[in-house]
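Notes to accompany the following structure.
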Amino acid sequence: MKPTSSYSLYNIVTALAVTMFFSCKNNFKEVQQIGVLQNEPIGIAENMNLKYTDSGRLKANLISPKMLDFSNREFSYNEFPEGVTLNLYDERSKKSVIVADYAIVYNNTDLIDLRGNVLITTETKDSIFAEQLFYDEKRDWVFSNKPVKYVSPTKIVTGNAFDSNRDFTSYGISEVTSTVYLDEDTSQ
Numbered sequence: 007m008k009p010t011s012s013y014s015l016y017n018i019v020t021a022l023a024v025t026m027f028f029s030c031k032n033n034f035k036e037v038q039q040i041g042v043l044q045n046e047p048i049g050i051a052e053n054m055n056l057k058y059t060d061s062g063r064l065k066a067n068l069i070s071p072k073m074l075d076f077s078n079r080e081f082s083y084n085e086f087p088e089g090v091t092l093n094l095y096d097e098r099s100k101k102s103v104i105v106a107d108y109a110i111v112y113n114n115t116d117l118i119d120l121r122g123n124v125l126i127t128t129e130t131k132d133s134i135f136a137e138q139l140f141y142d143e144k145r146d147w148v149f150s151n152k153p154v155k156y157v158s159p160t161k162i163v164t165g166n167a168f169d170s171n172r173d174f175t176s177y178g179i180s181e182v183t184s185t186v187y188l189d190e191d192t193s194q
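All residue numbers for the sequence shown refer to my numbering, where the first residue is 7 and numbers rise by one.
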């Protein structure tokens, strides 16, 4: 007895279907791992010392023990989980220093979000204390909508918002909560 061609085709299709069925495996955990990998940084840098120049002049110097690069995200950013020191230089190369416990640089907006024990020290020995400050690289502007304390040799001012140019020669404190004037010479 000769097998018919439709009978042979049926056997071949059945064999392929059974083979495919048994070769499939549950890869849900692998699919979950793909999502985890997308949430991981694309790169990690340690002991960073990044210098930003414009027309041959040093404008900023960012120093951090660790940077996580999330440029693989749709809204890319760099994270500094172990803190950052940002040195800003004016046209006369005078330096102001910003130190924070944590920072994020948003690449698409050129905005630096500084958080946790933020301290700014200016060339004139003025200090600004805040829990969060933003530095807008495009506009060369520093601002916060959180409580701040400004300390100069002559006064201490606290308020609920702050904005300033990059060299801190023009600043404003909004919603001032207190002002204390200091004696310039307490030794007499």
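Glycine is no exception: its CB is placed at the ideal position from the N, C-alpha and C atoms.
{"Asked": "With DSSP as the reference, label threonine 20 as helix, strand or coil.", "Found": "helix"}
{"Asked": "CA-CA distance, asparagine 55 and phenylalanine 168?", "Found": "28 Å"}
{"Asked": "Answer with buried or exposed for phenylalanine 81, where buried requires no fewer than 16 other C-beta atoms within 10 angstroms of its C-beta.", "Found": "exposed"}
{"Asked": "Is it a yes or a no for the stretch 156 to 164 touching the stretch 132 to 145, going by three-plus beta-carbon pairs under 8 Å?", "Found": "yes"}
{"Asked": "With a cut-off of 8 Å on the beta carbons, I'd call tyrosine 108 and glycine 122 a contact; round off their distance for me.", "Found": "5 Å"}
{"Asked": "Report the residue from Asn78, Thr59, Val163, Lys144 whose alpha carbon sits nearest the alpha carbon of tyrosine 177.", "Found": "Val163"}
{"Asked": "Out of curiosity, what's the CA-to-CA distance linking tyrosine 58 and asparagine 151?", "Found": "27 Å"}
{"Asked": "Please list, in chain order, all residues of the same chain as valine 90 whose beta carbon is under 6 Å from its beta carbon, the five residues on each side excluded.", "Found": "Ser70, Ala106, Ala109"}
{"Asked": "How would you write the range of the beta strand (DSSP E) that leucine 74 sits in, first residue to last?", "Found": "63 to 76"}
{"Asked": "Which one or two residues does DSSP pair with proline 183 in a beta bridge?", "Found": "Note on identity: in this sequence residue 183 is threonine, with proline being the wrong assignment. Paired residues: none, contrary to the question."}
{"Asked": "Kindly indicate which three-state DSSP category asparagine 93 falls into: helix, strand or coil?", "Found": "strand"}
{"Asked": "Where threonine 127 and valine 103 are concerned, what is the direct C-alpha to C-alpha distance, given to the nearest angstrom?", "Found": "5 Å"}
{"Asked": "Return helix, strand or coil for serine 14, following the three-state DSSP convention.", "Found": "helix"}
{"Asked": "I'd like to check one pair, leucine 139 with leucine 120: are the Cβ atoms closer than 7 Å?", "Found": "yes"}
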